[in-house]
Amino acid sequence: MTQFRPCIDLHQGKVKQIVGGSLNDKGAKENFISEYNAAYYASLYREHGLTGGHVIALGKGNHEEALSALRTYPGGLQFGGGVTARNAAGYLEAGASHVIVTSYLFKDKEFSWDRLDKIKRETGVDRLVLDLSCRRTEDGWYIATDRWQTITSMPVTHESLTELADHCDEFLIHAADVEGLQAGIDEELVSLLGQGCPVAVTYAGGARSLEDLKRVNDLSNGIVDLTIGSALDIFGGQGVTLDDCILWNQAQSA
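For what it's worth, the working numbering labels the leading residue of the sequence shown as 5, then goes sequentially.
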């Protein structure tokens with residue numbers, strides 16, 4: 005059954021919620037800047053037994069905050085943001101349950117199977133999450149790298165998901181076009197992900213209420229988990245509370 009997955013998004017050394025499609029070298033459109041640090045949120049998630057969440061470093065200046073979160077909740081959070089074959093093991097040693105990788109796997113917009121093999125040798129399949137965050141085009145969804153600004157040649161289809169599933173433990177997929185807008189989830193993408201995705205998959209983007217958890221559960225037959233960011237009360241949102249999400253998870257587990 006669909007579970008709520010927590011997140012900690014880091015930008016310029018602070019916990020933030022941003023509009024995903026606005027992120028570039030100059031900054032981003034910000035929905036929320038927290039007065040609390042990453043360790044605070046990691047402790048909160050640990051206290052409530054929330055697992056499978058992710059810490060994402062959006063650009064430079066987030067390294068120490070990311071490490072503090074991983075050390076606060078060892079084994080309870082995944083880490084993504086600038087992960088390569090060279091540094092992946094270090095994040096696992098710092099406490100990440102998994103590392104999340106995307107941009108490293110592409111060279112000149114083309115997927116690199118050689119780089120995938122290199123990072124698998126460092127992490128193992130069971131501690132690797134492939135970030136297939138994507139943007140919609142006239143021809144469907146395509147993986148977007150470099151803070152979701154570069155659209156690659158790799159489509160997100162049933163065939164590509166099946167092919168990549170043998171090389172990782174999970175998928176993480178932000179719908180970059182609706183990320184941070186609180187305008188509703190991309191229902192077509194969620195439905196696609198729910199069509200027999202071979203590994204666990206977490207979707208993020210556009211969620212605005214508890215009803216979205218129910219909707220994702222229905223659209224994906226309970227296969228896809230959901231991250232809620234900007235709409236969540238702990239990030240200044242008014243659409244849904246963390247307590248509601250905790251109760252949802254408990255009900256699904258029961």
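Even for Gly, the Cβ is constructed at its ideal location relative to N, Cα and C.
What do you get for residue i, buried or exposed, if any count of 16 or more other CB atoms within 10 angstroms of its CB means buried?
i, result
"Gly-79", "exposed"
"Asp-13", "buried"
"His-58", "buried"
"Arg-125", "exposed"
"Val-87", "buried"
"Gln-254", "exposed"
Measuring only the C-alpha atoms, how far is residue i from residue j?
i, j, result
"His-102", "Arg-131", "4 Å"
"Thr-76", "Ala-46", "6 Å"
"Asp-222", "Glu-183", "21 Å"
"Ile-177", "Glu-97", "24 Å"
"Val-194", "Glu-174", "15 Å"
"His-15", "Asp-143", "31 Å"
"Gln-7", "Leu-74", "21 Å"
"Lys-20", "Ser-107", "21 Å"
"Asp-121", "Ala-187", "38 Å"
"Ser-224", "Ser-257", "17 Å"
"Asp-229", "Gly-200", "14 Å"
"Glu-34", "Lys-18", "11 Å"
"Glu-1", "Asn-91", "The shown model of the chain, from 5 to 258, leaves out residue 1, and the question about it has no answer."
"Lys-218", "Ala-61", "29 Å"
"Pro-10", "Thr-55", "8 Å"
"Met-158", "Ser-164", "8 Å"
"Lys-64", "Asp-190", "29 Å"
"Gln-82", "Ile-104", "7 Å"
"Glu-68", "Trp-252", "32 Å"
"Asp-248", "Ala-180", "25 Å"
"Gly-99", "Tyr-44", "16 Å"
Assign residue i to one of three DSSP states: helix, strand, or coil.
i, result
"Gln-186", "coil"
"Lys-20", "strand"
"Leu-136", "coil"
"Glu-52", "The question names Glu, but residue 52 in the sequence shown is His. Three-state DSSP puts His-52 in coil, outside helix and strand."
"Trp-252", "helix"
"Ile-238", "helix"
"Glu-142", "coil"
"Lys-122", "helix"
"Ala-204", "strand"
"Asp-13", "strand"
"Lys-111", "strand"
"His-67", "helix"
"Thr-154", "strand"
"Glu-34", "strand"
"Thr-166", "helix"
Assuming residue i and residue j are in contact, meaning their beta carbons sit under 8 Å apart, how far apart are those beta carbons, in whole angstroms?
i, j, result
"Tyr-146", "Val-160", "7 Å"
"Gly-233", "Ser-213", "Not really, about 13 Å apart at Cβ, beyond 8 Å."
"Ala-89", "Arg-119", "7 Å"
"Thr-166", "Pro-202", "6 Å"
"Gly-94", "Asn-66", "Contact flag wrong, Cβ pair sits at about 15 Å."
Worksheet item: Per the contact definition of three or more C-beta pairs closer than 8 Å, is the region 38 to 52 in contact with the region 226 to 237?
Response: no
Worksheet item: Is it a yes or a no for the region 197 to 209 touching the region 138 to 155, going by three-plus beta-carbon pairs under 8 Å?
Response: no
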